[in-house]
Structures are given as C-alpha cells and as structure tokens.
Amino acid sequence: QAMQNSRPIASPTKYQPVAAQDNHTIWHRAVIMDLNSDLMKIGVYYIDLGQRQYTPINSIRLLPEEFQFKPALAIPCRLYKVYPMNSNDQSKWQSNDRVHGEFNGRMVNNVTCKVIGNQDQVIYDVEIDIPSKLP
1 QAMQNSRPIA SPTKYQPVAA QDNHTIWHRA VIMDLNSDLM KIGVYYIDLG
51 QRQYTPINSI RLLPEEFQFK PALAIPCRLY KVYPMNSNDQ SKWQSNDRVH
101 GEFNGRMVNN VTCKVIGNQD QVIYDVEIDI PSKLP
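In the UniProt record's numbering, the protein residues as written are 1 to 135.
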C-alpha cells in the first residue's frame, strides 16, 4: 500500500534499483535493465524472482533505502563455456532437456563454483569444478 501511494520515478536510469509492480500488482525489488525511447515501458529484472519483464513506467517507484542493500534472493547463473551439443555460445538449453535433472541430481553438495564474469551486471558466468569421482 505504501508503494502504491508513492510517486512514480520521473527520470529512470539503467541499473537503477527500484520497486516494480508485476502483472499481478505485487511490488518487488527490481533493477532497470532497458529503457524504451518513449519511456512508456521499462525493462526490469526482479532480483528476488530471477525474472525479466517490461512494465509501465507508472508501475515503478523509488526503492526505499531499507531494501536497497539486502542481498538478492535469486542469482541467475550460466555455465561458462558449456553449450548444448552441436551448437555455439548463443544457443540455449531447452527447458525439457534431460540434462537439467541429471545435472541437478549429480551436482548437489559435490561441486565447487567460481564466478568468471557477468553480463548486464545481473547474470553471472560460472565455472564448476567437478570432482573426478561422483557418488
């Protein structure tokens, strides 16, 4: 309710932390990722959900200071230099690819992860060290 009563942002900037209302009228912490030239729709990344969405500028507010420095609940990652077979670095895994279940089942509590870089200050490239013998 307090967010609804505050004024929309007059001059949004890329990577600005904001409160943004989603399609279900729920307010979330977000970061501005894309500004359309007419500023009618703003591309935001919901840092606690791990999702991107375009939202009307009137659904974006200044993020109260008390929420600006809390860690994000969703940290999007991608495997560094790992792609589907017979593809390139622009390829994407299909959501129904059986590699997801296999990967999750084998990796829990068995690997170490190192951040190599990031993209758009949001998505991290990670390198995973897999022991030679997995359970």
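We treat Cβ as the ideally placed atom computed from N, Cα and C, and that holds for glycine.
N5 in three-state terms, based on DSSP = The residue you call residue 5 lines up with position 5 of the sequence shown. Helix, per DSSP.
DSSP three-state call for I32: helix, strand or coil?
-> Translated into the one-based positions of the sequence shown, residue 32 becomes position 32. Looking at I32 - three-state DSSP - the assignment turns out to be strand.
How is N58 classed by DSSP in three states: helix, strand or coil?
-> Mapped onto the sequence shown, residue 58 falls at position 58. In the structure shown, N58 sits in a helix (DSSP, three-state: H, G or I).
Does the beta-carbon distance from V31 to P17 come in below 8 Å?
-> Here residue 31 is taken as the residue at index 31 of the sequence shown, counted from 1. Here residue 17 is taken as the residue at index 17 of the sequence shown, counted from 1. Yes, they are a contact pair.
Would you tell me roughly how many angstroms separate the C-alpha atoms of R29 and R98, rounded to the nearest one?
-> Position 29 of the sequence shown holds residue 29. Position 98 of the sequence shown holds residue 98. Each residue's Cα considered, the two are about 32 Å apart.
Closest by CA to N58, which one among M40, L49, E65?
-> Within the sequence shown, numbered from 1, the residue matching residue 58 stands at position 58. Of the candidates M40, L49, E65, the one whose C-alpha sits nearest the C-alpha of N58 is M40.
If you follow the beta strand (DSSP E) that Q21 is part of, which residue opens it and which one closes it?
-> Against the sequence shown, residue 21 aligns to sequence position 21. First-last of the beta strand (DSSP E) with Q21: 17-21.
Burial state of Q68 (16 or more Cβ within 10 Å) | For the purposes of this step, residue 68 is taken as residue 68 along the sequence shown, with counting starting at 1. Classification for Q68: exposed.
What residue from S6, S37, A74 has the CA that sits closest to R52's CA?
-> Working through the sequence shown from its first residue, we reach residue 52 at position 52. Nearest C-alpha to R52: A74.
Taking the alpha-carbon positions, what's the residue 146 to D125 distance?
-> With the chain represented from 1 up to 135, any question about residue 146 goes unanswered, as that position is not in the structure.
Whose C-beta lies closer than 8 Å to the C-beta of K14 among residues of the same chain, with five residues either side of it excluded?
-> Along the sequence shown, read from residue 1 onward, the residue named residue 14 stands at position 14. For K14, where only same-chain residues beyond five positions count, the Cβ hits under 8 Å are I32, M33, D34, L35.
Whole angstroms is fine: what's the gap from G50's alpha carbon to V44's?
-> Here the question's residue 50 lines up with position 50 in the sequence shown. Here the question's residue 44 lines up with position 44 in the sequence shown. Roughly 10 Å between the two C-alpha positions.
Limits of the unbroken beta strand (DSSP E) element including K41 | Translated into positions along the sequence shown, residue 41 becomes position 41. Looking at the DSSP string, the run of the beta strand (DSSP E) that includes K41 is 41-46.
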